Structure formats: C-alpha cells, structure tokens
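Contents: one structure, followed by commentary.
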Amino acid sequence: MNVDTAAAVAERFEELYGAAPEGVWAAPGRVNLIGEHTDYNDGFVMPFALPHTAVAAVSPRTDGVLRLHSQDVEGGVVELRVDDLEPESDRDWTAYPSGVVWALRQAGHVVAGADVHLASTVPAGAGLSSSAALEVVVALALNDLYDLGQKGWQLARLCQRAENVYVGAPVGIMDQTASACCEVGHALFLDTRDLSQKQIPFDLAAEGMRLLVVDTQVKHSHSEGEYGKRRAGCEKGAALLGVDALRDIAYDDLAAALDGLGDEEEVRRLVRHVVTEDQRVERVVALLESGETRAIGPVLTEGHASLRDDFRISCPELDLVVDTALASGALGARMTGGGFGGSAIVLAEAADVETITKAVEEAFATAGFTAPRVFEAVPAAGARRVR
Ligand code: ADP
Ligand code: MG
C-alpha cells in the first residue's frame, strides 16, 4: 500500500460523492502460518499480514444514510439507511461493510451514516481473507471518524459478529484479528479464547529463506456447507468429551480422549486434527523463539497431512502444490485458510525459490489445472490510517 494508492482512492471518492473524503484507511489480507480450523475451537493461530490491502476512503454523515461503492465490483453506488440494516437481508458484497455498521450500532455505538469507497488488492476467495480486510478497514475508519475508542481486538470481535450474524458466515475470529492487529515483520501468536496476543519476529529474508504463497485459483466459495459440518463435528467432539471446546483437550491426553470417542470415527479425526494442530502452533512458536526457523518446515508439512487426511479439507490442487514443492527442495509446505481451494504456503531457501516455482507451474500445466499465481509473502503492517 503506497501513498499513490491512497491518493487514487481519495480521488475516486471525490468523483463519486462530490467532496474529498475525511480520511483513507487500509487493512490487510493475511496468510496463516499455522493453526488451521483451531479458531472456532478456542485454540491457537499464527497469521501474518500481507502487503495486499483493502483501502477505504470514508466520510461520516449525519442523516442516517450509508452509501457504499467498490472499485472491484460492477455496479454503482449502493444507498442504504442505517436504521433499515437487517441481518441476512443482503447476499451481495455490501453485506460486509453494512454488517460492520450494523454490528457497531448493535453494540451501542453512534454511527449516523457514512460515504464509503473501497478498492482492494486482496484477491477475493483465495483464502487470503479479502472479506476480513473489507470489514476491518470499514470498522477502523468508523472507529476513528466517530471517536469510538475501540482497540484492534475489539473491532475484530465486532467484525466477526458482522460476518457471523449479518452476512451469515460462521467464521472464527482469526482473520479479523490478523487484519486489525498484525505488525510488520512479525507473525501474530493469538490465543483465540481470550484474544491474548504475542508478536513473534518473523524475518525470513534475514535468514536466507522465503515464504511463497501459491494461489491455486480454485475458489473456495462452495465450501461454506463443508465448513459448517466440520465446525458442528468439532462441537460434537467437545460435547462428547465433556469440555467447553477442543482447546481444553491437552495434547498429552489426546490418546485417551480419542479412545473415549467409541465408534465416532468422523469426530475422532476432527478432534485429532484440532488437538495436534494447537500443539503444532506451540511448537512453531517455540522454534521461532529459539532461532530454529528452518525446523518449522516439517511442522508445517505435518499440518498439511493432518488437514488432508484427518480434517479432509484439501483438494488435488493444494496437494499438488505441497507435494511438488517438497519434491523440489522446499523446507515445508501446507494449505492455508479454510480449505477446498484457495492458497498454499511454501517455506523455502531463497536459492530454491525459482526451481520450486517452476516445478509447481509445470506440475499444474501437466495436470491440466489453471495456472497458479505465485508470490512471495513478507509480513506487513496491520490496519491503519493512511491519509
Ligand atoms: P476470502 O475472505 O477468503 O477472500 P470470502 O468468501 O470470505 O473469501 O470473501 C469474499 C467476498 O468478499 C467476495 O465474494 C465479496 O463479496 C467480498 N469482497 C472481497 N473483496 C471485495 C472488494 N474489493 N470489493 C467488494 N467486495 C469484496
Ligand atoms: Mg473470508
């Protein structure tokens, strides 16, 4: 996100609405280094922010009108009234920003309207959290313009509520917290139970490594039902085991817990993934803190196997990225995000990046898959005002 982008978004706002915006804000997409499908089990996650951002030019209004426009969507300005906002009334992209306005007002904050123009470089549906970036940028803008005094994690909670209740998508808290709270050069070790956070320095370039994101271009939009099923299965597991959330099963007690699930084979697989995945997050944090960065590679790869075999949310394209990258010398690789498409991450020595990228591209061509989009991810800043 550079100054030119902020200026261009402000200029377009002025064309649309006839006056310069009060300000311009940016909120990033994210990749999750490790900790997948743990966030709705009160567990651990470890995302970092991408340089790709949703940018919003915003002015407040006093007349109850909410006007929304996105550079990236066909169609003109959408005009709504803040008093009329109703959960699940809108199946369009505008549900994300208007859901945020609804959630803020539900929480008792005075938001009397706004003019909003958005433009985003976060690819939508690629598992990189374009939706959270959209929510968080609007929440932060309104927080500043209406002096709401909410901290990043509080805005994240409100954005999650907007997506859960208003949009109607049963997502966890990771994406919004990552977009709101990540810091440049760091991964965010987040406990999703109490939202306590620790910024973990994550500078791969200094150690001669790179992290590649491979967007398979397989849109995960058909995955909502499957996501809901996994979530329900995890809740069933927690209930059968007599705990509030799967987070409460200690890794050392996992074998006994799995035995206790009787013939619930499907639930057993889900429980095994979540409990081992929480432990993988803790291992990655410990390795990074002790300077053994290369050793996180195999932990990432283990995480992929667990998502593929136990949680069963991978797909042929994601598996092909992981297998090809590892065969070409990657230190570790895994799918990232909700699954059924979207993106994979690859940890590699800087010197191997070209070989790996070529190998993945060739493997996709040979398999007859759409060409993947490969880019390097460097931990970027969380949401902020840019103008
Ligand atoms: P992800 O968050 O993984 O990218 P989601 O399905 O959660 O995928 O969110 C994608 C949706 O977010 C899009 O279908 C669209 O409604 C909305 N969205 C994302 N980026 C934009 C944008 N730049 N303008 C308008 N809507 C967007
Ligand atoms: Mg999303």
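At position 193 of the sequence shown (counting the first as 1) the number is 193 in UniProt numbering, and the numbers step up by one without a gap. We put the CB at the ideal spot given by N, CA and C, even for glycine. None of the values given here were measured: they were computed from a predicted structure.
Classify residue i: buried if its beta carbon has 16 or more other beta carbons within 10 angstroms, exposed otherwise.
| i | result |
| --- | --- |
| Ser89 | exposed |
| Val110 | exposed |
| Ser290 | exposed |
| Ala27 | buried |
| Pro316 | exposed |
| Glu15 | exposed |
| Gly35 | buried |
| Gly297 | buried |
| Glu86 | exposed |
| Asp42 | buried |
| Arg91 | exposed |
| Ala350 | exposed |
| Arg385 | exposed |
| residue 391 | Lying outside 1 to 387, the shown extent of the chain, residue 391 is not represented and no answer is given. |
| Glu163 | buried |
| Gly303 | buried |
| Gly382 | buried |
| Val77 | exposed |
| Ala132 | buried |
| Ala380 | buried |
| Gly152 | buried |
| Gly75 | exposed |
| Gly337 | buried |
| Ile232 | The identity of residue 232 in the sequence shown is Ala, whereas the question assumes Ile. Looking at its Cβ environment, which holds fewer than 16 other Cβ atoms inside 10 Å, Ala232 is exposed. |
Short of 6 Å in beta carbon distance, which residues of its chain neighbour residue i, apart from the five on each side in sequence? Order them along the chain.
| i | result |
| --- | --- |
| residue 391 | Given that the chain is displayed from residue 1 to residue 387, the structure contains no residue 391 and the question cannot be resolved. |
| Gln150 | Asn143 |
| Ser59 | Pro21, Glu22 and Asp115 |
| Tyr146 | Val111 |
| Leu148 | His109 |
| Ala295 | Leu287 |
| Arg105 | Val111 |
| Ala124 | Ser130 |
| Ala141 | Trp25, Ala56 and Val58 |
Report yes if the C-beta distance between residue i and residue j is below 8 Å; otherwise report no.
| i | j | result |
| --- | --- | --- |
| Met326 | Ala367 | Here residue 326 turns out to be Leu, not Met, going by the sequence shown. Going by C-beta atoms, Leu326 is not nearer than 8 Å to Ala367. |
| Arg312 | Asp278 | no |
| Thr103 | Tyr166 | Sequence inspection shows Ala at residue 103; the Thr mentioned does not correspond to that position. In this structure, Tyr166 lies closer than 8 Å to Ala103 by Cβ. |
| Asp215 | Ala126 | yes |
| Val55 | Val24 | yes |
| Ala49 | Ser179 | yes |
| Arg30 | Asp175 | yes |
| Gly64 | Arg81 | yes |
| Val284 | Leu33 | yes |
| His117 | His69 | yes |
| Leu128 | Ser343 | yes |
| residue 398 | Phe13 | It is not possible to answer for residue 398, since the shown part of the chain is limited to 1 through 387. |
| Val73 | Trp93 | yes |
| Val274 | Thr38 | yes |
| Cys181 | Ala156 | yes |
| residue 473 | Thr293 | Absent from the model: residue 473. The displayed extent of the chain is 1 to 387, so no value can be given. |
Please list, in chain order, all residues of the same chain as residue i whose beta carbon is under 8 Å from its beta carbon, the five residues on each side excluded.
| i | result |
| --- | --- |
| Leu261 | Gly237, Leu240, Leu241, Val267, Arg268 and Val271 |
| Asp371 | It should be noted that the sequence gives Ala, not Asp, for residue 371. These residues qualify, in order along the chain: Gln217, Glu361, Phe364 and Ala365. |
| Glu376 | Arg210, Leu211, Leu212, Val213 and Val353 |
| Glu226 | Ile313, Gly339 and Phe340 |
| Arg230 | His37, Leu270, Phe311 and Ile313 |
| residue 414 | The structure shown does not extend to residue 414, since the chain is modelled only from 1 to 387, so the question has no answer here. |
| Asp244 | Asp42 and Ala238 |
| Tyr96 | Ser131, Leu134, Glu135, Val138, Ala162, Glu163 and Val167 |
| Tyr251 | Val275, Thr276, Asp278 and Gln279 |
Who are the near neighbours of residue i in its chain, counting only those whose CB is closer than 7 Å to its CB and skipping five residues on each side?
| i | result |
| --- | --- |
| Thr355 | Ser328 and Gly329 |
| Thr324 | Ala359, Val360 and Ala363 |
| Arg193 | Asp42 and Arg247 |
| Thr5 | Val55 |
| Gln10 | Correcting the residue type first, residue 10 is Ala in the shown sequence and not Gln. The residues are Ala20, Pro21, Val24, Ala57 and Arg387. |
| Ala107 | Leu158 |
| Ser306 | His273, Thr276 and Glu277 |
| Lys219 | Gly125 and Gly341 |
| Asp83 | Gly64 |
| Glu235 | none |
My understanding is that residue i touches residue j, with C-beta atoms under 8 Å, so please give their C-beta distance in whole angstroms.
| i | j | result |
| --- | --- | --- |
| Gln160 | Ala119 | Contact doesn't hold; Cβ gap of about 23 Å is too wide. |
| Arg67 | Glu79 | 5 Å |
| Pro47 | Leu195 | That pair is no contact at about 13 Å. |
| Gly168 | Tyr40 | With a Cβ gap of about 15 Å, Gly168 and Tyr40 do not count as contacting. |
| Leu347 | Leu300 | 6 Å |
| Ile200 | Leu288 | 5 Å |
Quick check on the contact list: which residues have their beta carbon closer than 7 Å to a heavy atom of ligand 2?
This selection yields Ser129, Ser130, Ser131, Ala132, Val171 and Asp175.
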